[in-house]
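Take a look at the structure set out below.
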Amino acid sequence: MLGINNVFIKYGDRTVLDRISLSINEGDRVGLVGLNGAGKSTLLKIMAGDISPHDGNIVRPNGTTIGFLHQDMSLPKGKTVLEETLSILAEIQKLEADIDNLNHQIETRTDYESESYLDMFNQLDELNERYRVMGGNTIQVDAEKILMGLGFMPADFDRLTDEFSGGWQMRIELTKMLLQRPDYLLLDEPTNHLDIESIIWLEQFLETYEGVVIVISHDKTFLDNVTNRTIEIDLGKTYDYKANYSKYLILQEERREMQKNAFENQQKEIARQEQLIDRFRAKASKAKMAQSLIKKLDKMDRIELDSVNAGKMKLNFPPSPRAGEVVVKVKDVTKTYGERNILDKVNLEIIRGERVAFVGKNGEGKSTLSKIILGQVQAEGTAELGYNVAVGYYAQNQAETLNPKLTVLETIDQVAPFEMRTKLRGILGSFLFSGEDVDKKVSVLSGGERARLALACMMLRPINLLVLDEPTNHLDIRSKDVLKDAILRYDGTLIIVSHDRDFLEGLTDKVIEFNNKKLKPYLGDVKYFLEKRALDTFREVSLGKAGKNDAPIDSLRAATAPKKPKLEGKDYHQRLKQLKKDVQNAERKINRLEEDQKKFEATMADMSIFGTVEYDTAVAKYESNKIKLAETMSKWEAAEMELDALG
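According to the working numbering, the sequence shown is numbered sequentially starting from 42.
This is the structure in structure tokens:
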């Protein structure tokens with residue numbers, strides 16, 4: 042168990058963590074959530090021992106190990122990817138030497154009954170277990186598997202780490218950490234630089250991970266798939282929920298509503314008691330009763346409402362100047378990197394006011410085409426902007442390009458038009474930089490704060506073509522919602538690259554799918570696109586899985602038309618009877634399971650049992666019942682489809 046005891050940390054006049062205490066137990070998969078700058082990364086750094094709290098302490102069992110993947114890291118230069126990954130071999134080699142030394146002592150010593158001799162067997166067991174956990178003789182094979190799971194190709198193993206961007210270097214560092222399999226794995230925004238394939242691989246890896254996982258992420262799906270406990274940090278306090286992110290949102294709202302009701306009821310009772318005291322004070326015969334009521338009030342355990350952090354960005358794009366009818370025209374564009382062809386004679390025309398999403402598997406050319414359109418990358422063919430087009434561009438690494446030596450105010454002052462300079466503090470305030478915040482160096486800002494500053498810089502001038510490449514990286518979930526609302530109100534033309542389905546839904550009226558060096562348009566938003574592609578989730582699109590609508594129309598009709606089974610006479614009627622029975626049984630079971638789900642949900646909503654065995658049992662039954670319900674629904678659907686096919 043890792044214990045966080047009365048931890049307090051304060052920067053200037055701002056209390057980041059206000060004497061918090063937590064216990065992290067074996068088997069925990071913890072999601073740390075809260076607004077940007079709430080103290081999530083600070084808490085991880087304290088757990089990892091990178092910084093010390095101003096008061097309080099961290100306690101963990103002797104001999105346990107911690108791995109910490111943080112946002113700001115750099116690898117030493119001059120090593121290949123595989124060499125850097127296997128640099129952790131030093132620990133394995135030390136383990137091997139320690140095991141050999143102990144084995145030698147056990148073989149040569151003769152004090153078989155002594156306590157120190159028996160202790161050596163315990164030490165040997167611990168070392169062998171650590172050696173097993175770290176992979177032992179299979180370390181290189183394991184390293185290659187993890188590297189490939191995180192997106193590297195075998196040809197990359199012998200390339201120098203210097204050749205890779207910060208995002209790819211982060212993957213190398215993550216590989217090293219996963220290879221070591223620490224007892225406590227601390228991950229600060231691990232999905233920011235991962236493509237969807239790698240995110241899914243990491244989710245699957247963490248499902249069977251033997252140690253404790255504590256993760257900061259603004260990816261709702263990742264949190265739901267990886268975590269079983271959510272700890273919210275808000276205004277220096279922590280709120281602990283034994284649930285993944287989606288369930289936490291429900292429980293959080295219920296807790297606040299119950300707290301509000303209890304507070305209001307108590308305030309009414311206090312007011313009633315105070316009225317009685319005032320009345321009794323005036324009468325000598327009631328003075329004793331008045332004193333009794335005063336003592337009762339003094340002893341009352343007062344309910345305090347949580348001080349919910351109400352800070353919220355206020356984003357509004359300036360009105361767009363009018364552009365020509367055709368804003369972007371791409372004709373026969375081909376782009377090759379070395380021997381790899383990314384785009385092959387693609388064509389695209391974007392009309393004024395259109396809102397377009399670029400989607401598809403990573404590496405298919407979405408960001409590349411965006412840069413070709415903006416003239417940042419050269420290619421064969423032509424890519425032209427229309428008449429009077431003013432571009433606002435937010436790149437994937439936009440926040441990382443800010444000068445770390447400048448202050449927040451100096452950064453925005455560098456790019457502001459002269460007439461805007463008197464309004465800069467007000468603009469920064471709308472992006473949650475107020476008071477002394479504007480004098481902070483960029484180097485001390487969190488990833489989310491840098492992202493907000495980069496957005497502020499982009500929105501100083503009127504634009505009529507907004508190009509956003511993964512704009513939600515580093516933004517907390519609340520800020521994502523604010524940005525989405527601002528984009529929905531934006532009156533210009535939009536091109537957006539994103540893998541975030543929640544963010545994209547309802548945001549665009551056209552989707553361009555990048556697949557096998559070509560572009561395929563779909564008229565509608567992402568939801569419409571998914572329906573047309575007949576795929577269950579946006580993740581499958583990002584993995585490049587083909588939907589049934591990719592087939593030619595004739596073959597599609599043939600594939601989707603109900604097929605008449607070759608059954609006749611007695612066999613036909615027996616099968617028909619059995620299917621009807623299967624459908625009825627499934628429907629009865631579905632109704633029963635759905636009723637059970639409602640009961641479990643009602644139990645889970647009872648805040649009085651929060652954190653008890655009864656609550657944990659209800660959660661476990663809810664999850665088990667959920668699986669049974671999904672399986673029964675599948676059986677019902679299969680039986681119904683066969684019945685339809687029988688006619």
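Every residue, glycine too, gets a C-beta built ideally from N, C-alpha and C.
**Message:** According to DSSP, simplified to helix, strand and coil, what is Glu689?
**Reply:** There is simply no residue 689 to check, as the chain begins at 42 and stops at 688 in what is shown.
**Message:** Assuming contact is defined by CB atoms lying nearer than 8 Å, are Thr268 and Val71 in contact in what I supplied?
**Reply:** Residue 268 sits at position 227 when you count from the first residue of the sequence shown. Residue 71 sits at position 30 when you count from the first residue of the sequence shown. By the CB criterion at 8 Å, Thr268 and Val71 fall inside the cutoff.
**Message:** For Ala303, which residues in the same chain have their Cβ closer than 6 Å to its Cβ, ignoring the five residues on either side in sequence?
**Reply:** Residue mapping note: residue 303 aligns to position 262 of the sequence shown, counting from 1. Taken in chain order, the residues that qualify are Ile344.
**Item:** Neighbour-count burial assignment, Pro562, 16 or more Cβ in a 10 Å radius
**Value:** In the sequence shown, residue 562 corresponds to position 521, counting from 1. Taking a 10 Å sphere around the C-beta of Pro562, we find fewer than 16 other C-beta atoms and assign the residue as exposed.
**Message:** My output table needs one value for Pro562: the three-state DSSP class, helix, strand or coil.
**Reply:** Position 521 of the sequence shown, counting from 1, holds the residue named residue 562. In the structure shown, Pro562 sits in a strand (DSSP, three-state: E or B).
**Request:** Return the residue from the list Arg173, Glu546, Gln146 that minimises the CA-CA distance to Phe162.
**Result:** What you label residue 162 is simply residue 121 of the sequence shown in a count that begins at 1. Measuring from the Cα of Phe162, the nearest candidate turns out to be Gln146.
**Assigned secondary structure, Asp510 (DSSP; H/G/I helix, E/B strand, else coil)** = In the sequence shown, residue 510 corresponds to position 469, counting from 1. Strand.
**Asked** Buried or exposed: which applies to Tyr289, given that a residue is buried once 16 or more other Cβ atoms fall within 10 Å of its Cβ?
**Response** Reading the sequence shown from its first residue, position 248 is the one you call residue 289. Counting the other Cβ atoms within 10 Å of the Cβ of Tyr289 gives 16 or more, which makes it buried.
**Message:** If distances are taken between C-alpha atoms only, which option among Lys355, Lys329, Glu315, Phe321 comes closest to Asp339?
**Reply:** The residue labelled residue 339 in the question sits at position 298 within the sequence shown. Minimum Cα distance to Asp339 is reached at Glu315.
**Prompt:** In angstroms, rounded to a whole number, what distance separates the CA positions of Leu524 and Asp236?
**Reply:** Translated into the one-based positions of the sequence shown, residue 524 becomes position 483. Translated into the one-based positions of the sequence shown, residue 236 becomes position 195. Distance between the alpha carbons of Leu524 and Asp236 is about 22 Å.
**Message:** Between Tyr286, Leu76, Ser128, which has its C-alpha nearest Asp275's C-alpha?
**Reply:** Translated into the one-based positions of the sequence shown, residue 275 becomes position 234. Nearest of Tyr286, Leu76, Ser128 to Asp275, Cα basis: Leu76.
**Request:** Could you please give me the residues that DSSP links to Lys370 through a beta bridge?
**Result:** What you label residue 370 is simply residue 329 of the sequence shown in a count that begins at 1. Glu390, Glu425.
**Message:** Does the contact criterion of 3 or more C-beta pairs under 8 Å hold for the segment 532–550 versus the segment 384–404?
**Reply:** As far as the Cβ criterion goes, the segment 532–550 touches the segment 384–404, which means the pair count is three or higher.
**Request:** Within the same chain, show all residues whose beta-carbon is closer than 8 Å to that of Asp526, passing over the 5 residues directly before and after it, in chain order.
**Result:** Your numbering for residue 526 matches position 485 in the sequence shown. Cβ neighbours of Asp526 beyond the five flanking positions: Leu356.
**Message:** Suppose contacts are defined by Cβ-Cβ distances below 8 Å. Is Leu689 in contact with Glu635 by that definition?
**Reply:** What is shown of the chain runs 42 to 688, which leaves residue 689 out entirely.
**Prompt:** If we ignore side chains and look at the alpha-carbon of each, how far apart do Ala602 and Val182 end up?
**Reply:** Walking along the sequence shown from the start, residue 602 turns up at place 561. Walking along the sequence shown from the start, residue 182 turns up at place 141. Note that Ala602 has pLDDT 37, beneath the 50 cutoff, so the model's placement of it is unreliable and no number is given.
**Message:** Comparing C-alpha positions only, which one of Lys662, Lys559, Asn626, Asp199 sits nearest to Lys120?
**Reply:** Within the sequence shown, the letter at position 79 stands for residue 120. Comparing Cα positions, the closest option is Asp199.
**Request:** Along the beta strand (DSSP E) that carries Phe321, what are the first and last residues, could you check?
**Result:** Locating residue 321 in the sequence shown gives position 280, where the first residue counts as 1. Careful: Phe321 lies outside any beta strand (DSSP E), inside the alpha helix (DSSP H) at 286–322.
**Request:** Mind checking who Leu63 pairs with in its DSSP beta bridge?
**Result:** In the sequence shown, the residue the question calls residue 63 occupies position 22. Answer is Ile45.
**Message:** My output table needs one value for Asn269: the three-state DSSP class, helix, strand or coil.
**Reply:** In the sequence shown, the residue the question calls residue 269 occupies position 228. Coil, per DSSP.
**Per-residue burial, His259 [other beta carbons within 10 Å of its own, 16 or more giving buried]** = In the sequence shown, counting from the first residue as 1, residue 259 sits at position 218. Buried, because 16 or more other Cβ atoms sit within 10 Å of the Cβ of His259.
**Item:** C-beta atoms of Thr452 and Val483 nearer than 8 Å
**Value:** To locate residue 452, count along the sequence shown from 1; it is residue 411. To locate residue 483, count along the sequence shown from 1; it is residue 442. It is a contact, given that the beta carbons lie within the stated cut-off.
**Request:** Determine the DSSP secondary structure at Tyr172, reduced to helix, strand or coil.
**Result:** Taking the first residue of the sequence shown as 1, we reach residue 172 at position 131. In this structure, Tyr172 counts as helix in the three-state DSSP scheme.
**Prompt:** Do Lys370 and Gly406 have their C-beta atoms closer together than 8 Å?
**Reply:** To locate residue 370, count along the sequence shown from 1; it is residue 329. To locate residue 406, count along the sequence shown from 1; it is residue 365. Not in contact: Lys370 and Gly406 (Cβ atoms no closer than 8 Å).
**Message:** Whole angstroms are fine: how far does the CA of Lys278 sit from the CA of Ile650?
**Reply:** Position 609 of the sequence shown, counting from 1, holds the residue named residue 650. Position 237 of the sequence shown, counting from 1, holds the residue named residue 278. C-alpha separation (whole angstroms): 21 Å.
**Request:** With DSSP collapsed to three states, give me the class of Val538.
**Result:** In the sequence shown, the residue the question calls residue 538 occupies position 497. In this structure, Val538 counts as strand in the three-state DSSP scheme.
**Message:** Considering Cα atoms alone, identify which of Ile335, His515, Leu123 is closest to Leu201.
**Reply:** Numbered from 1 along the sequence shown, position 160 holds the residue referred to as residue 201. Considering only alpha carbons, the answer is Leu123.
**Simplified DSSP assignment, three categories, for Glu554** = In the sequence shown, residue 554 corresponds to position 513, counting from 1. In this structure, Glu554 counts as strand in the three-state DSSP scheme.
**Asked** Between the C-alpha atoms of Val374 and Ala497, what's the straight-line distance to the nearest angstrom?
**Response** Counted from its first residue, the sequence shown places residue 374 at position 333. Counted from its first residue, the sequence shown places residue 497 at position 456. So the alpha carbons of these two residues sit roughly 33 Å apart.
**Sheet register partners of Val691 (DSSP bridge)** = A question about residue 691 goes unanswered here, because the residues of the chain that appear run from 42 up to 688.
**Item:** Ala328 (DSSP reduced to helix, strand or coil)
**Value:** As a working note, residue 328 is residue 287 in the sequence shown. Correct three-state label for Ala328: helix.
**Request:** May I ask you to verify whether the segment 499–513 touches the segment 239–252, counting CB pairs closer than 8 Å and requiring at least 3?
**Result:** no
**Prompt:** Is Ala671 helix, strand or coil by DSSP?
**Reply:** The residue you call residue 671 lines up with position 630 of the sequence shown. Note: Ala671 maps to helix in three-state DSSP.
**Asked** Helix, strand or coil: which one does DSSP assign to Glu678?
**Response** Residue numbering aside, residue 678 sits at position 637 when the sequence shown is read from its first letter. Of the three classes helix, strand and coil, the one that applies to Glu678 here is helix, per DSSP.
**Message:** Checking 8 Å against the spacing of the C-beta atoms, do Ala440 and Arg491 come in under that value?
**Reply:** Mapped onto the sequence shown, residue 440 falls at position 399. Mapped onto the sequence shown, residue 491 falls at position 450. Yes, these two residues count as a Cβ contact at 8 Å.
**Message:** Does the contact criterion of 3 or more C-beta pairs under 8 Å hold for the segment 208–216 versus the segment 407–420?
**Reply:** With the rule of 3 Cβ pairs closer than 8 Å, the segment 208–216 does not count as touching the segment 407–420.
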